[in-house]
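Here the structure comes first, spelled out in structure tokens, and everything after it is commentary.
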Amino acid sequence: MVISCAAFGCTNRQFKGNTIQFHRFPLKRTEVLQKWIKEVRRKNFVPSKYSFLCSEHFLDSDYQIRPGATIKLLNENAIPSVFKGFPVHLQQSLPVKRRLLQRNIPDFNTTISPLSNQTEIPCQNTATEEEISSSSKQIVKSYDKSIQCVMISPTKEELRRKIHILQKKLNRRDLKIKNFKTLIDGIKRNVPGSDEIISILENNFGGFTLNLLMHERKCKTLDKQGVRYTNTMKDFSKTLYFYSPKAYAYVRKLFTLPHPSTIRSWISSFKCEPGFLTEVFLFLKLEVKDKTWLEDCCLIFDSMSIRKQLTWEPSKGKYSGNVDFGDVESPDLASEVLVFMVVSLTKRFKCPIAFFYINKINSSLLSTLLTSAIKQLHEIGIRIWSVTCDGASANVQCFKKLGCNFDVNDIDNFNCKFTVENNLEVNVMFDACHMIKLARNALADKKIFKSEEEIVS
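Taking full-length UniProt numbering, the leading residue of the sequence shown gets 1, the next gets one more, and so forth.
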């Protein structure tokens with residue numbers, strides 16, 4: 001059975017997920033039931049056990065205070081009092097109280113003094129006095145009604161006075177804003193062409209600060225399409241965006257700086273061809289002079305699979321996708337990209353220094369690239385203490401060619417270090433995650449490993 005509200009004009013129904021509660025009519029309490037029926041105001045309405053009223057017709061004070069409860073219960077004497085759907089003839093009109101003004105009303109029942117020259121008329125005087133008295137009462141009543149109509153409430157008068165004061169305040173505020181706007185517009189018109197402002201800036205500022213202020217002053221006279229950036233502003237924008245894009249977005253709200261997409265286009269204009277990245281080595285050479293934590297680093301290299309395909313690059317005017325080691329390009333299509341990355345040992349810093357398009361690189365070529373990377377980093381002041389990679393067979397053979405020995409059966413000659421140029425000792429560390437994955441794959445493929453002591457399955 002669908003439970004619905006019995007109030008006039010209320011369409012609330014009970015359904016799953018509805019937060020409105022429904023209450024039965026108090027059939028066992030006759031006095032409270034009669035009050036409920038009176039408030040509902042439905043003609044010839046007789047409630048039954050299937051009659052309900054929803055919670056929208058009760059006040060919050062009609063419910064019991066039950067902390068932590070989810071179901072609201074009515075008080076014993078709760079009466080519904082909120083009904084919004086009644087027609088006009090069923091709505092109760094609240095009386096409007098009026099305050100009468102106390103005014104002195106002239107008394108019309110005054111006696112007329114007899115004149116000496118007049119004669120008394122005994123029969124007609126009584127009727128005249130009665131007519132006068134009745135007419136005076138009618139005049140008083142009509143006078144009272146006129147007083148009530150023209151009367152003004154003191155509360156309304158006070159509100160009108162406040163409205164008038166607020167209107168004056170708003171007018172004064174609008175006038176002040178208009179004057180400030182006129183003053184600011186005048187200053188903006190005078191600043192770009194003021195030689196005195198330029199001389200003040202040159203006397204108080206210098207270096208990049210002066211360039212930034214002069215650039216901002218110049219941009220005020222140009223539209224967005226006419227703004228040009230100097231090399232100093234380009235370097236500042238690229239450096240700030242490199243360290244923190246959020247900080248760059250905040251500074252860009254205060255000064256006229258290029259959009260991040262423009263900076264990315266500037267950065268992409270550098271020559272990032274396969275091989276050792278010359279621009280990156282120049283950057284690291286400048287950074288290592290001021291940042292001592294960049295002197296001690298480790299080198300990470302790994303290869304990632306790419307799709308074999310030949311694509312045309314209009315910006316370079318050539319096809320790309322072949323095996324490329326920077327100086328020599330092979331006609332074979334590349335299936336992997338080998339990336340070298342330098343990572344600081346003490347700070348959160350990492351930077352790619354080289355990449356190569358390869359197709360199953362051999363250990364001899366890999367050892368040559370590895371030693372070349374370590375030597376070039378050493379020349380700019382960066383000491384490589386360790387090399388980290390996965391446990392691929394080419395990587396293991398590369399380290400063996402450099403002088404490492406990973407034979408666990410020959411503990412006396414076990415060596416995980418190699419030397420570059422007879423004085424740079426570098427440690428070898430295989431990535432633990434990759435080594436565990438290799439062991440898992442081998443165990444899944446071979447199913448069983450046999451050792452001298454026991455079988456591992």
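Quick reminder that beta carbons are idealized off the backbone N, C-alpha and C, glycines included. Source: prediction; values computed, not measured.
Query	Result
For Arg252, report the span of its alpha helix (DSSP H) as first-last.	245-254
Got a sec? Which residues, its chain only, sit under 8 angstroms from Lys285 by beta carbon, not counting five neighbours each side?	Ile380, Gly381
How would you label Ala247, buried or exposed, when you count the other beta carbons within 10 angstroms and need 16 or more for buried?	exposed
Of all the options Cys433, Asn75, His259, which has the alpha carbon lying nearest to the alpha carbon of Lys234?	His259
Kindly give me the distance between the Cβ atoms of Ile358 and Ala334, rounded to whole angstroms, as I take these residues to be in contact under 8 angstroms.	6 angstroms
By the three-class DSSP mapping on this structure, what secondary structure does Arg264 have?	helix
Is it right to say Ile184 is buried, meaning 16 or more other beta carbons lie within 10 angstroms of its own, or is it exposed?	exposed
Between Lys38 and Ser55, is the Cβ-Cβ spacing less than 8 angstroms?	no
Using only the alpha-carbon positions, how far apart do Asn415 and Pro314 sit?	49 angstroms
Report buried or exposed for Ile411, applying the criterion of at least 16 other Cβ atoms within 10 angstroms of its Cβ.	exposed
On the criterion of 16 or more Cβ atoms from any shown chain inside 10 Å, does Lys36 qualify as buried, or is it exposed?	In the sequence as presented, Lys is not what sits at residue 36; that position holds Trp. Trp36 is buried by the Cβ-count criterion.
By Cβ distance, which residues of its chain are closer than 6 angstroms to Gly403, with the 5 residues on each side in sequence left out?	Phe418
Would you mind sorting Asn395 into buried or exposed? The rule is 16 or more other CB atoms within 10 Å of its CB.	buried
In this structure, how does DSSP classify Val426 when only helix, strand and coil are distinguished?	strand
Could you check how far apart the C-beta atoms of Ser364 and Val426 are, in whole angstroms? I think they sit under 8 angstroms.	Going by Cβ atoms, the distance from Ser364 to Val426 rounds to 18 angstroms, so no, they are not a contact pair.
My understanding is that Ile300 touches Val343, with C-beta atoms under 8 angstroms, so please give their C-beta distance in whole angstroms.	6 angstroms
Apart from the five residues just before and just after Ser241, which ones in its own chain have a Cβ nearer than 8 angstroms to its Cβ?	Correcting the residue identity first, residue 241 is Tyr in this sequence and not Ser. For Tyr241, where only same-chain residues beyond five positions count, the Cβ hits under 8 angstroms are Tyr248, Pro260, Ile263.
Name the two residues that bound the continuous alpha helix (DSSP H) containing Cys404.	Cys404 -> no alpha helix (DSSP H), and no H or E assigned at all.
Cys5 lies in the beta strand (DSSP E); which residues open and close that run?	It is not in any beta strand (DSSP E) - Cys5 carries neither H nor E in the DSSP assignment.
Could you tell me the distance, in whole angstroms, from the CA atom of Phe349 to the CA atom of Asp296?	11 angstroms
With DSSP as the reference, please indicate the residues paired to residue 468 in a beta bridge.	This structure leaves residue 468 out entirely; the chain is present only between 1 and 457.
Where does Asn211 sit, in a helix, a strand or coil, going by DSSP?	helix
Out of Val339, Lys253, Leu210, which has the shortest C-alpha to C-alpha gap to Met304?	Val339
Assuming His23 is part of the beta strand (DSSP E), what are its boundary residues?	22-24
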